[in-house]
Each structure stands twice: as structure tokens, then as C-alpha cells.
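See structure below.
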Amino acid sequence: MTTTTQPGIRPANATGKITYTPVDGRLLDVEDLHVEFHTDDGIAKAINGVSFTLDQGESLAILGESGSGKSVTAQAIMGILDMPPAKIPHGAVKYCGVDLLTMPDDRRRWVRGAEIAMIFQDALSSLNPVFPVGWQIAEMFRQHRGMNKSDAQAQAVRLMERVAIPAAKERVKAYPHQFSGGMRQRIMIAMAIALDPAVLIADEPTTALDVTVQAQIMSLLQELQQERQMGLILITHDLGVVADVADRSVVMYAGRLVETANVYDLYRNPAHPYTRGLLESIPRLDQKGQTLAAIGGLPPNLLRIPPGCAFNPRCRMAKDVCRVDLPALREVASGRHSACHFAEEVIDA
Amino acid sequence: MPEIILPKASEIGRSTTSEVILSAKDLVKHYPIKTGILRRTTGHVKAVDGVSFDLHKGETLGIVGESGCGKSTLGRLLVRLEAPTDGSVEFEGADMAKASGRELRALRRNIQIVFQDPYTSLNPRMTVGDIVGEPLDIHPDVTPKGGRRKRVQELLDLVGLNPEHINRYPHQFSGGQRQRIGIARGIALDPKVLICDEPVSALDVSVQAQVVNLMEKLQDELGLAYVFIAHDLSVVRHISDRVGVMYLGKLAELGEEDEVYDRPTHPYTQALLSAVPVPDPTLRGKREHIVLQGDVPSPANPPAGCRFHTRCWKAQERCRTDVPELILRPDGRGEHFSACHYAEPRAVVDTVDVTDVEPDERFADTDVRDPATIAAVEGQPGMDGPVQDAEGLVEETPEQRAADMSSLTMHDEGHPGKVEDPRP
Chain G
73 MTTTTQPGIR PANATGKITY TPVDGRLLDV EDLHVEFHTD DGIAKAINGV
123 SFTLDQGESL AILGESGSGK SVTAQAIMGI LDMPPAKIPH GAVKYCGVDL
173 LTMPDDRRRW VRGAEIAMIF QDALSSLNPV FPVGWQIAEM FRQHRGMNKS
223 DAQAQAVRLM ERVAIPAAKE RVKAYPHQFS GGMRQRIMIA MAIALDPAVL
273 IADEPTTALD VTVQAQIMSL LQELQQERQM GLILITHDLG VVADVADRSV
323 VMYAGRLVET ANVYDLYRNP AHPYTRGLLE SIPRLDQKGQ TLAAIGGLPP
373 NLLRIPPGCA FNPRCRMAKD VCRVDLPALR EVASGRHSAC HFAEEVIDA
Chain Z
2 MPEIILPKAS EIGRSTTSEV ILSAKDLVKH YPIKTGILRR TTGHVKAVDG
52 VSFDLHKGET LGIVGESGCG KSTLGRLLVR LEAPTDGSVE FEGADMAKAS
102 GRELRALRRN IQIVFQDPYT SLNPRMTVGD IVGEPLDIHP DVTPKGGRRK
152 RVQELLDLVG LNPEHINRYP HQFSGGQRQR IGIARGIALD PKVLICDEPV
202 SALDVSVQAQ VVNLMEKLQD ELGLAYVFIA HDLSVVRHIS DRVGVMYLGK
252 LAELGEEDEV YDRPTHPYTQ ALLSAVPVPD PTLRGKREHI VLQGDVPSPA
302 NPPAGCRFHT RCWKAQERCR TDVPELILRP DGRGEHFSAC HYAEPRAVVD
352 TVDVTDVEPD ERFADTDVRD PATIAAVEGQ PGMDGPVQDA EGLVEETPEQ
402 RAADMSSLTM HDEGHPGKVE DPRP
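Written out as C-alpha cells, the structure reads:
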């Protein structure tokens, strides 16, 4: 957690990377994060006190439906929220013990990309259409490492080969539109891992892709994570992908964590009615004659989050206390947390 | 060329009867590629290239495939939103391609379509009553004059919406509610066939189940036959009696749901099924993953012979030249349609029969009505989401989902409190 050189986008010597050292393998500490959006209709509370950690080599899934705040959490960690309308009234995002939210802009920019990198859902709109892909990958090395053009280009080819783009040498000068969706996502991954980041955030990395391509991309991500011992934050709404990839998962609802657990416990024995309902409502490839059940209602409007537990209007277990008291995220079994007044009943169910 | 597919003995039963209602015969749709200032045709995109199947009364035929395989074009051909380049669609024996004018209009009444995107497939300037009632204006013989409003309200009730919301506009509804409006429009003329093109893919997981259950209920009550086009193999398995797998404009495999999912014989189906993640971490590392090399070739220049041979691990010399026919091939227990020279069953999904397992009603339920409507009708306290509250935030298309909350201000334009009556 010490900085050895003066931080900046371009360190004086090519290898003079500012070093952040994780303490006991802990990479990220998100503490009581709040994010709100100021709109004409009022304040939308997108994130209302989210805390979690990420260790080296760990895969953490953030699971939630649209509007649950999972992408906003990622954007807050990356520091790419548009402020305004967004505002972070409270909370800390500590990377190796250093709070990113209070860090000076230039150092934050250095951390972004070099230490924490992100992959977005839509690779086509995340790449610049007027520059060759190789140039865009090489830009990481030119900007952050101060490499010259030809060295950076050589690095770009090496990375394209690493993410298994066929004929990388020939295609380094091709433009984004000349690649398929899966190949574009590989280029995004190449850019993200270019500077050997310690944390990789993947925001719905395969949602726009076909299922066979999704399998290829997810296995590439897992392979890279293991090879580099990165901490991976996987943001998704797909319960299948989480079951395949993650070690641990946090479930978000209306800007709060409603449950955290390792994935085995989470699927075998959910501790929150929302998680339980989600699992009842998805059709499974390996089940025949399944009766689907749906969670009634809709996620709340973030401008008017109901008092008490935000899930109470949709919860079939809700009692009077749920409409008044906001349940805190508490440990309900070893290593498992749930924000439900009746978590024990849900686990036993 | 594939034989005309006759129903097999095994297909008779459950919701499938032997009565063929819709029949696609060698359907072909080629789109010309035009280049240069003279707009000369230099090639063709072979979107659909020889697809034949029968749809039986009251059954659900699922069509799965990855993007670009031609499944949506197939759907549009079946309702004749596109004219086929070759081949025909027969409804109860009458050729739709030959019909025109009044005859075509009468045929079309029986085949309706529901689109994927509930945000763009409803005209924002029309009220729900006008959207759902429009088919009745075009086909005045279906509803007696003056009965339109009553019929529209019946339809809204049928799809689980509050009939009192007949004068509201699409933006006042959530994504799931809008898809219900699309379905109400689809069934307004009491069709016999409903083509559903990715009807639940734009919806959030918890809402998907509501709409899928609604579609199943409507099928039981109205005796509808569905062609359910989707890329999600789990949803398709759940809803379909029979399933067709498409690859590059052709059917690779066609059979009963358990024939295709439990005993697939086409390598493409096997690869596709093995790639679908299952929400059960205990299966991690235990399932067989068949990883396909490369990408789907361009439909403008599909490979000769078997279209899958460029990515197939079983491909032989013959596959590069001979087009495999979609014919009955043994699957280990019986036989079903497969278009592979070397068709061989390979189980990639370990199926558990959960027919007798009831969902835990304490956490989720099987009521097919729209939840906000239930709340309004039954006066349940605190049930969130009366339609006035519905706004773009609650469900988004995948594109919008990318922007998620950071685009909040954009959604504000759609907030019901601010929008004025859009009628001139």
C-alpha cells in the first residue's frame, strides 16, 4: 500500500510501475458505498450502503436484475460515473487499503487500467470505430508505459494472440467492424489485461453474445484469471453463468446487498426470499416438466423505495416488521450473510 | 430435398394431435446484395435456405439457433411479412403464397405474430385500446360492430392486465406489461397459430416466468399453436413440445423436446446444448463442454455440403460435398429428424424429471395475471408497481441494461408524470 514513485500517467522509467501491495491478499474493500442520481423528479438512490471485499485470485459475482445497482457499483469502483448527475454522498472504495474516491484525479487515472480494468457488455460501442484494433490495444502501452509505436504494436500482437484471435499479425490493422461479436469481446479483454491489472471487472461480458461464444469467452476469462491471479468481479443477471464461474456471490436488490454467500450455499440453500424466488423462476436446461413460478410485482422505483425492507411488497413471507424495519445484512451462518428478518426460516425452507 | 414431414405415432398425444395446421415446405428466402452505383445484384444472403416442417393443432414448436441462423426471417415468412423466394407456407392446406387480396387477409387472421422488443413494437402514440383493437378494425367481420371496446377489455383481462387501463399509452407500462399488450394484440382475432419471435428475451428473469406462464395458460384455453422462436435453450425446452434447431438457414435437427435435448444426434445441437450454463454449481466441471472453433460462416457464402462442416469435429470428405438431408435417423431409442451424415446420439444434458415437483409458493407463485393488476383488483396493501409507477428503470432491453442506471436522466422523458397526452 505504499507508493514508491510519484504517481502519474507516464512514469519516468518504463518499468517504474507504482506498486500497490495487497494486505493479506485483500485487493478491494468497498465500504458502505452510496450512490445517488439527481434527476428532475427527485433523488434516485441507486446504491444504498453496499460493502464487500475482493481477494487476489477470487471470482466474485454481483447478481441482480436491471436497476438493482450492479453496474453502478462497478462504475463507482472504476471511477467512471458521470458526476453529476451521479453523486457519492458516502462510502469508500479501498484498493490495497487506499481509498480511490479521495485519490487525486491523475493518480486515479493511473490506477484505472493499470491496476483495475473493466470489460463492458457491448464491445462494438466500447471500441473506437475509426482506429485499427491493434492501435487501440497499443495505446494502453503508449499511454501508460511510454512505449514507442513499434514496441507497443508488438505487444498488441502478443496480446491478440493470447486471447486467441486467429491470424493476429495480419488482423492487428483491422477495424472493429471487421470482427465478429465474440472476436470484438476478445479484443476488449486484450485491452483490459494489457497492463496486468490486479482487478478485472466484467460487466455482463457475454450478455450480447450467442451461447457457444459465451462459453468460449467465459473460459478465456477464467483461464486468464487463474494465470494472473487476478481478482475478478463478474456482473451478471445470469444465474447459470454465476454457477459456472464464481467462488462467491453477492445478490443485489434496489441498491442493497440482500445476500452474500459462496455459490454452493447460495444455490443449495438461499438465505433470502428474493434469491429463493429467482431460483424458482428460471427454467433449467436439465429439467423436464418444470413448473415455473414468478416473483410477483416489480422492482421498486428508485425514486420511491418502500420503507422497511425494499423487497417487502413482493415478498410472500413479509410481516409487519418488514414494512417498518430495514433488515441489516447480518451473518446467518458461517460465511453467509442475509438481509432478511426471517433468514433462518428461509434457509430451513 | 427433405421429405414432407409426416407426424409420427409418438407425436400424437399430450397437446399434439395429428391435425396439421401450418406447413412450411422448402421455404427459401434469399436477400439480394447490391453493390456499385448501378445497384447490381452481386450475391445473395441465404437467410432461410430450404426449411420444411409441420405444425400441429395446439402444439408448441420451438425454433432455436444463434444469431444470424435465419430463425427470425423464418418467423416473418410464416406470417408472410416477407414473401418467400421459393417454397410455400400452407395454412390448413391453402397456399399462402398463392393467395392475394381478400383471401390472403382471411388467411392472415389465423396466423399472428408477437415481436421481441416490447419497447419498439407498440406505437407510442396509440392507446392500448387502439393497439389491441386495431386488428379488429382491419377484420371487421370478426367482432360485431360496437363490440370492439368490450372485446378489447376482454382481451386485456385474458392477458392479466387491468381492463380499466384501456386508455393508457405504452410508456405507462413496464416491459412485462407491454409484452402482455403485444400478446393481447396477437390473439385479438382468435388466431389458430401465434408466431412468437423472442417474446421473453428482453425481459428480466423474474418477469420472464410470468409471461411464459401466461402463454401456456392461453394455449390451454384457446387451443393455440405456437411457433416459439428463441435463442434461450432453457426457455424453449420448458415451453415446447417439439424443437427445431437451425444453423445457417437450415434445420439441423427436429424432434420431440426430449429427443432433441436428451438424445441429440447432430453435432451442432450437441455443442449448443453443452454450452448452456446450468444454474447449479455442483455440476461445475462435471458437464461435458464441447467448444466449437471459429465463428459461424457468412450466410452470403455458406459452405458447400453440410453447412456445419467447417466447425465440426466429425467432418469427413463427404460432408464437404454432400448436403445431408433432414431425415429420420436413429437416436438410440427411436428415431428423429437430423441432418447429419454421421448422426449419432450423444447425451450432453443430464435431465431430471421434475413434473411432480411443485414450486415453493412461499417465495414465488404461478398466478399468470400481471402483479400490479392483481394488486389493483384485490386491493392488496403495499404491492408495488401500479402502472403509474412503471418506467424504463424496471426492465430494460439488453442495450439499455448496459447503460443501466447512469442513463437515468434519459428515462425521465418517459416518466408518466411529465408526459402530456401525445395525441395532436
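Chains as they are written, first to last, in the working numbering: chain G, 73 to 421; chain Z, 2 to 425.
Positions of the beta carbon are idealized from the N, C-alpha and C atoms, including for glycine.
Between which residues of its own chain and M384/Z is the CB-CB distance below 8 Å, once the five residues before and five after are set aside?
Because the pLDDT of M384/Z is 39, which lies under 50, any placement of that residue in the model is unreliable, and the number read from its coordinates should be weighed accordingly. Correct list, in chain order: P372, A373, I375 and A376.
Do we get a CB-CB distance below 8 Å when we pair F229/Z with the residues of chain G?
no
With DSSP as the reference, identify every bridge partner of G44/Z, one or two as the case may be.
I34/Z
Taking the alpha-carbon positions, what's the A253/Z to G187/Z distance?
29 Å
Run through DSSP, which three-state label would E187/G get?
coil
On the CB-based measure, 16 or more other CB atoms within 10 Å of its CB, does L39/Z come out buried or exposed?
exposed
Closer than 8 Å, Cβ to any Cβ of chain G: which residues of the segment 194–210 of chain Z, in chain order?
D205, V206, S207, V208, Q209 and A210
Please report the straight-line C-alpha distance between Y346/G and I307/G, rounded to a whole angstrom.
18 Å
Less than 8 Å separating the beta-carbons of R370/Z and G183/Z?
no
Residues of chain G with CB under 8 Å from S241/Z, in chain order?
None at all; the shortest Cβ gap to chain G is about 11 Å.
According to DSSP, simplified to helix, strand and coil, what is Y248/Z?
strand
Could you tell me which chain G residues have their CB closer than 7 Å to the CB of S175/Z, listed as they occur along the chain?
L370
Quick check on the DSSP output: what are the complete alpha helix (DSSP H) runs of length 4 or more inside the segment 53–102 of chain Z, in order along the chain?
72–79
Do you know offhand how far R308/Z's Cα is from A340/Z's?
10 Å
Using a Cβ-based criterion (distance less than 7 Å to any ligand heavy atom), does A415/G qualify as near the ligand PLP?
Looking for the ligand PLP in the displayed structure turns up nothing, as the structure carries no ligands at all.
Please compile the residues from chain Z whose C-beta is within a distance smaller than 7 Å of the C-beta of V335/G.
P282
Counting only beta-carbon atoms, is R356/G nearer than 8 Å to chain Z?
yes
Just the Cα atoms here: how many angstroms apart are V213/Z and P136/Z?
23 Å
Is DSSP giving C197/Z helix, strand or coil here?
strand
Look up H413/G in the DSSP assignment and say whether it is helix, strand or coil.
coil
Measure the Cβ-Cβ separation of G290/G and V317/G and say whether it is below 8 Å.
For the sequence presented, residue 290/G should be read as Met rather than Gly. Yes, the Cβ-Cβ distance between M290/G and V317/G is below 8 Å.
Nearest to G97/G by alpha carbon, out of D177/G, Y167/G and D420/G?
Y167/G
Going by beta carbon distance, what residues of the same chain come within less than 7 Å of A415/G, once the five residues before and after it are set aside?
A343, H344 and V404
Using a beta-carbon distance cut-off of less than 9 Å, what residues from the segment 361–374 of chain Z approach chain G?
D361, E362, R363, F364, A365, D366, T367, D368, V369, P372 and A373
What beta strand (DSSP E) runs, 3 residues minimum, are completely inside the segment 254–300 of chain G?
271–275
Give me the residue from R321/Z, V292/Z and L293/Z with the minimum Cα distance to A305/Z.
R321/Z
Buried/exposed call for R169/Z, threshold 16 Cβ in 10 Å:
buried
Expressed to the nearest angstrom, what Euclidean distance is found between the alpha-carbon atoms of L214/G and A270/G?
It is worth fixing the name first, because residue 214/G is Arg in this sequence and not Leu. Spanning the two alpha carbons is a distance of roughly 20 Å.
Taking Cβ-Cβ distances shorter than 8 Å, what residues in chain A pair up with P346/Z?
No chain A appears in this structure, whose protein chains are G and Z.
Does any CB atom of chain Z fall closer than 8 Å to the CB of S410/G?
no
Proximity below 8 Å, CB of V21/Z to CB of G51/Z
no
Beta-carbon proximity check, P277/G vs I377/G, cutoff 8 Å:
no
Tell me which same chain residues have a C-beta within less than 6 Å of the C-beta of N334/G, skipping the five on either side of it?
R320
Excluding sequence positions up to five away, which residues of its chain have a Cβ less than 8 Å from the Cβ of P204/G?
V244, K245, A246 and Y247
Going by the DSSP bridge assignment, what does T125/G pair with across the sheet?
D101/G
Which residue spans inside the segment 308–387 of chain G form an unbroken beta strand (DSSP E) run of at least 3?
320–325 and 328–334
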